[in-house]
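S.K.:
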Amino acid sequence: MSAVSDARILVTGAGGFIGHHLVTALKARGYWVRGVDLHPPDYTGVDADEFELRDLRRFDEALLASRGIDEVYALAADMGGMGFISANHATILHNNALINLHTLEAARMNGVSRYLFSSSACVYPDFLQTEANVTALREEDAYPANPQDAYGWEKLIAERLCLAYTEEHGIETRIVRFHNIYGPYGTYDGGREKVPAALCRKVAQARPGGQIEIWGDGEQTRSFCYVDDCVEGIYRLMRSECRDPLNLGSEELVTVNELARLIIDLSGKCGITLKHIDGPQGVRGRNSDNRRVREILQWEPVVGLRQGLEPTYHWIAQQVASLDAA
Ligand code: NAD
87 MSAVSDARIL
97 VTGAGGFIGH
107 HLVTALKARG
117 YWVRGVDLHP
127 PDYTGVDADE
137 FELRDLRRFD
147 EALLASRGID
157 EVYALAADMG
167 GMGFISANHA
177 TILHNNALIN
187 LHTLEAARMN
197 GVSRYLFSSS
207 ACVYPDFLQT
217 EANVTALREE
227 DAYPANPQDA
237 YGWEKLIAER
247 LCLAYTEEHG
257 IETRIVRFHN
267 IYGPYGTYDG
277 GREKVPAALC
287 RKVAQARPGG
297 QIEIWGDGEQ
307 TRSFCYVDDC
317 VEGIYRLMRS
327 ECRDPLNLGS
337 EELVTVNELA
347 RLIIDLSGKC
357 GITLKHIDGP
367 QGVRGRNSDN
377 RRVREILQWE
387 PVVGLRQGLE
397 PTYHWIAQQV
407 ASLDAA
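The sequence shown: position 35 = 121 (our numbering), numbered continuously.
1. Just to check my reading of the structure: Ala148 and Thr189 have Cβ atoms closer than 8 Å, yes? What is that Cβ distance to the nearest angstrom?
2. Can we count Asp164 as close to the ligand NAD, meaning its CB is less than 8 Å from some heavy atom?
3. Measure the alpha-carbon distance for Val406 versus Ala173 and round it to whole angstroms.
4. Find out if the Cβ-Cβ distance for the pair Trp239, Leu179 is shorter than 9 Å.
5. Nearest to Tyr117 by CA position, among Gly102, Phe103, Asp156 and Asp123, is which residue?
6. Out of Val379, Thr130, Thr98 and His362, point me to the one whose CA is closest to Cys328's CA.
7. If you drop the 5 nearest sequence neighbours on each side, which residues of the same chain put their C-beta closer than 6 Å to that of Asn266?
8. In chain order, which continuous runs of the alpha helix (DSSP H) of length 4 or greater are located wholly inside the region 314-384?
9. Could you check whether Met168 and Gly304 sit closer than 9 Å to each other, using their CB atoms as the reference points?
10. What are the boundary residues of the alpha helix (DSSP H) that includes Glu240?
11. If you reduce the DSSP assignment to three classes, tell me which class Ala162 lands in.
12. With distance defined between alpha-carbon atoms, name the residue in Ala151, Phe145 and Ala218 nearest to Val369.
13. Within the chosen definition, does the region 266-282 reach the region 390-406 through at least 3 CB pairs nearer than 8 Å?
14. On the three-state DSSP scale, how would you describe Ser88?
15. So does Asn376 have its beta carbon nearer than 8 Å to some heavy atom of the ligand NAD?
16. Taking the C-alpha atoms as reference points, what is the distance between Asp375 and Arg224?
17. Distance, Cα to Cα, Asp246 vs Lys355?
18. Where does Glu279 sit, in a helix, a strand or coil, going by DSSP?
19. Nearest to Val388 by CA position, among Leu334, Thr130 and Leu161, is which residue?
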């Protein structure tokens, strides 16, 4: 793995959760970084050397975004948790298809040498994720393809686009499939939040002895990866020679009920109970098989779930408290 700290970097989606953490990490490694997004980071200042407000659904904007750039980390996407993903199929497919097509073609035209695309565990087929007690997903399980939502299809097409651009145009592309990344400074309210942040917010808002709502019976399973581990993995992948898609996630499988109880425990609030209500749940079970990423990048998560939830919960609790005080 070679470090190229004089390369000029573009991070798209730099106003978002993973993007802004990635910008901070790249700056700490000495890179010159341009961030691009529809908006600046919601909860922190801008660490990037330049931050440009651009809509990557427009090709002219995408061309400007990667001018003078050597490497692109393409994280921009119109996305959210299950509530958003299951209710906005057309919007997600339309917006993200445009973002992905334009960002990659603009990068090629601007002579970018390396391009990392952020894909998702949502590419894996529905039929392999019907049990809570799942077999962890290996990269080759993505085919025959049958993702549950438009979001997964859009990611799969963009993966194919990356592979085709490498073959036809010679641009080095890297593809990472994230499995539920969480941590501080991510969306925790408004409808786009994902389950760890949503549960942290609900627990922060609950009184001791109160109730929090869980979508479904809470026995659906997932694994959750802390954002610092994720950012380290992304960087290693970009520096590697691996052109095939790689999982990036934790292998620590928990039910949503267990996740909720862990957060309640961390909050120190006594007697909070779970109330199960109807709501979108996504697939029944999903876990990451990390054999390939371990072998290729010598990467695995170092932050356990409880350890990562602690700063996440406390940051969200602080946000909730300051909003209540306002
Ligand atoms: P996020 O929503 O916090 O960040 C995405 C950013 O993209 C947002 O700030 C948004 O404003 C920006 N964006 C949307 N439309 C845009 C447009 N037209 N032009 C420019 N910017 C635009 O999401 P995140 O959690 O940081 O995810 C980053 C990437 O990782 C996304 O591609 C997402 O699909 C992928 N991913 C994330 C997870 C996860 O668990 N967080 C899991 C799988 C895949």
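Idealized CB from N, CA, C, for every residue including glycine. All values reported here derive from a predicted model rather than from experimental measurement.
M.R.: Once the coordinates are examined:
1. About 5 Å; that satisfies the 8 Å criterion.
2. Asp164 has its CB nearer than 8 Å to a heavy atom of the ligand NAD.
3. Taking the straight line joining both Cα atoms gives about 26 Å.
4. Cβ atoms of Trp239 and Leu179: closer than 9 Å.
5. Taking only the C-alpha atoms, the option nearest Tyr117 is Asp156.
6. Ranking Val379, Thr130, Thr98 and His362 by Cα distance to Cys328 puts Val379 first.
7. For Asn266, where only same-chain residues beyond five positions count, the Cβ hits under 6 Å are Arg308 and Phe310.
8. Here the runs fully enclosed are 342-353 and 377-383.
9. Not closer than 9 Å, so no.
10. For Glu240, the enclosing alpha helix (DSSP H) covers residues Ala236 to His255.
11. In the structure shown, Ala162 sits in coil (DSSP, three-state: anything other than H, G, I, E or B).
12. Looking at the Cα atoms, Ala218 is the closest of the given residues.
13. Contact between the region 266-282 and the region 390-406 is present, because at least three Cβ pairs lie under 8 Å.
14. Bear in mind that a pLDDT of 44 at Ser88, under 50, signals an unreliable position, so the model cannot answer this.
15. Asn376: no, Cβ never under 8 Å from the ligand NAD.
16. When rounded, the distance between both Cα atoms is 5 Å.
17. Correcting the residue identity first, residue 246 is Arg in this sequence and not Asp. Going by the C-alpha atoms only, they are around 47 Å apart.
18. Glu279 falls in the coil class under three-state DSSP.
19. Proximity to Val388 across Leu334, Thr130 and Leu161 peaks at Leu334, based on C-alpha coordinates.
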